[in-house]
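**Q** Residue numbers (the numbering used here): 1257 to 1430.
By construction, the Cβ of each residue, glycine as well, lies at the ideal position given by its N, Cα and C atoms.
If you scroll down you'll find the structure; I have some questions about it.
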């Protein structure tokens, strides 16, 4: 086989993996939409219309459970008539996690990460003892985690991967 053929086969394999992730994510979104429609039958139209908010390429490399958590949070916002374009807890955790790969977390970023991590369902985390071990994190002052959230949220709104900002949304009249 020639180098050109090898390259083509490798590209096809990469494409297959990407398509596999896309179909996996579509399955996750459909599952969460069905669950939320069953749980909130009065909001089926609103839930169906929220599909564009659930497509986030920057979360696809994470575990399906994190993506599910992200989708549930967005759909709950839609049901509660809150802006679904705001950063989710899963997205905030990803930003902090990726930042921690570049430099150690400051005290306040570590504290917010800990708070968000502790809100995840234990079956997602997998180990209650691990969650308890996160108790080391303390804020520099009582509102520190809210300030960090605000900073990250403002940066997230301008992030090129945040395609939700381009999806139109209007508060429902109740």
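1. Measuring CB to CB, does residue 1334 end up less than 9 angstroms from residue 1309?
2. Using 8 angstroms as the threshold, is the region 1360–1367 in touch with the region 1323–1337, meaning 3 or more CB pairs across them?
3. Going by CA-CA distance only, name the one from 1365, 1402, 1298 that's closest to residue 1393.
4. In chain order, what residues of the same chain have a beta carbon less than 8 angstroms from the beta carbon of residue 1337, not counting five sequence neighbours either side?
5. Suppose you measure from the CA of residue 1292 to the CA of residue 1259; what does that come to, to the nearest Å?
6. Specify, as a first and last residue, the run of the alpha helix (DSSP H) that residue 1401 falls within.
7. Considering only residues of the same chain and omitting the five flanking positions on each side of residue 1409, which have a CB-CB separation below 7 angstroms?
8. Check the C-beta distance from residue 1352 over to residue 1367 and give it rounded, since I have them as a contact under 8 angstroms.
9. Given this structure, state the Cα-to-Cα distance separating residue 1274 from residue 1282, to the nearest angstrom.
10. What is the DSSP secondary structure of residue 1305, counted as helix, strand or coil?
11. Using the Cβ count rule (16 or more neighbours within 10 Å means buried), how would you classify residue 1221?
12. Would you report the Cα separation of residue 1425 and residue 1285, rounded to the nearest angstrom?
13. Would you grab the beta carbon distance between residue 1348 and residue 1318 for me? Rounded to a whole angstrom, and I think it's under 8 angstroms.
**A** Once the coordinates are examined:
1. yes
2. Taking a cut-off of 8 angstroms on C-beta distances, the region 1360–1367 does not touch the region 1323–1337, as fewer than three cross pairs fall below it.
3. Ranking the options by Cα distance to residue 1393, first place goes to 1365.
4. 1427, 1428, 1430
5. 49 angstroms
6. That run of the alpha helix (DSSP H) goes 1400–1414.
7. 1342, 1343
8. Rounded, the Cβ-Cβ distance is 10 angstroms, inconsistent with contact.
9. Their Cα atoms are separated by approximately 12 angstroms.
10. helix
11. This structure cannot settle anything about residue 1221, because the visible part of the chain is limited to 1257 through 1430.
12. 19 angstroms
13. Their Cβ separation, rounded to whole angstroms, is 13 angstroms, which puts residue 1348 and residue 1318 out of contact at 8 angstroms.
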